[in-house]
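So the number in the working numbering is just where the residue sits in the sequence shown, counting from 1, plus 3.
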Amino acid sequence: MTNKDIEVDAAKKLAGLQIDQLSKLRSNQITFKHLEWFNNLSKDERNYLLEKRFEKDLFIPNKAFQNRKGLWVSSDFKERILLVAEPIEKNKTISTSFIDLKKPMADTEVRANPPKNHVFRADEFCLYLIDKIRQQPYREEGEFLINGKANIHFVYGKNDRVFLVAVDWRVLDLCIPEWHVNTYPLIGFRWNLGSRVFYPNYDKD
């Protein structure tokens, strides 16, 4: 098998589902040679290949999170989360649970007794977040708080560090309401009573 054959075959079979590679190996959908070739590509090479071949089947985080009417995305979110978020299958379901803070708490306190796997992977978080925003684009009732308090998430970002991503509904410049997405390092910042903390249900999958 030539390298060109491997490229076409591997691209078709991997289809951008990088997190499912082990299951694909077990079911003989891909070989170790396919996997080795794909994993040796740079992030930009993988994204270019996947976007061109499978764009209709993939969610591309960098394209989805652009400032627009109803959505404002901080530069910190772009640099710390979007930078490492890779394309992911559009129809993947990200199951979550949430708790509401019963008192003001620092980010370190919130993480003191969390579920075992309480941190989102960047690509899955981006898919989950855009879906949440689409469900409540104009301040509709839903799981996301719309009373000005934060919807809090812990996400693996740049250099595999865990960051806090806060999403809240605001009315700021020119009285235009919009969702704000901000990212913070974990440095003990305190969050208000009633803020809502979301966790991925990885333990329940």
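Beta carbons are placed, not taken as given, at the ideal position from N, Cα and C, and that holds for glycine.
In this text, all values refer to a predicted model and were calculated from it rather than measured experimentally.
- Boundaries of the alpha helix (DSSP H) harbouring S78: 78-83, taken from the DSSP string.
- DSSP, read as helix, strand or coil, puts T34 in coil.
- Here N154 is buried. Its C-beta has 16 or more other C-beta atoms within 10 Å.
- One alpha carbon belongs to L196, the other to S30, and they sit about 48 Å apart.
- Taken atom to atom, the span from the alpha-carbon of F157 to that of K72 is near 26 Å.
- Classified as exposed, Y141 has fewer than 16 neighbouring CB atoms from the shown chains inside 10 Å of its CB.
- A Cβ-Cβ distance of about 7 Å is found for the pair V113 and W194, placing them in contact under the 8 Å criterion.
- Residues of the same chain with a CB within less than 7 Å of the CB of P107, apart from the 5 flanking positions on each side, are R193, W194, N195, L196 in chain order.
- Within the segment 139-203, no complete alpha helix (DSSP H) segment of 4 residues or longer occurs.
- Per the DSSP secondary-structure output, S100 pairs in a beta bridge with Y202.
- Taking C-alpha positions only, G191 is separated from F166 by approximately 12 Å.
- Judged by their CB atoms, L74 and W182 are nearer to each other than the 8 Å cut-off.
- Of the residues assessed, F35 falls on the exposed side of the cut-off, its CB having fewer than 16 other CB atoms within 10 angstroms.
- Rounded to the nearest angstrom, the gap between the Cα atoms of S45 and E89 is 12 Å.
- When V184, F62, L189 are compared, the shortest CA-CA separation from D79 is found for V184.
- Excluding residues up to 5 positions away in sequence, D60, L61, F62, L130 lie with their Cβ nearer than 8 Å to the Cβ of K93 in the same chain.
- Assigned with DSSP and collapsed to three states, E127 falls in helix.
- With a 10 Å radius around the Cβ and a threshold of 16 neighbouring Cβ atoms, T186 comes out buried.
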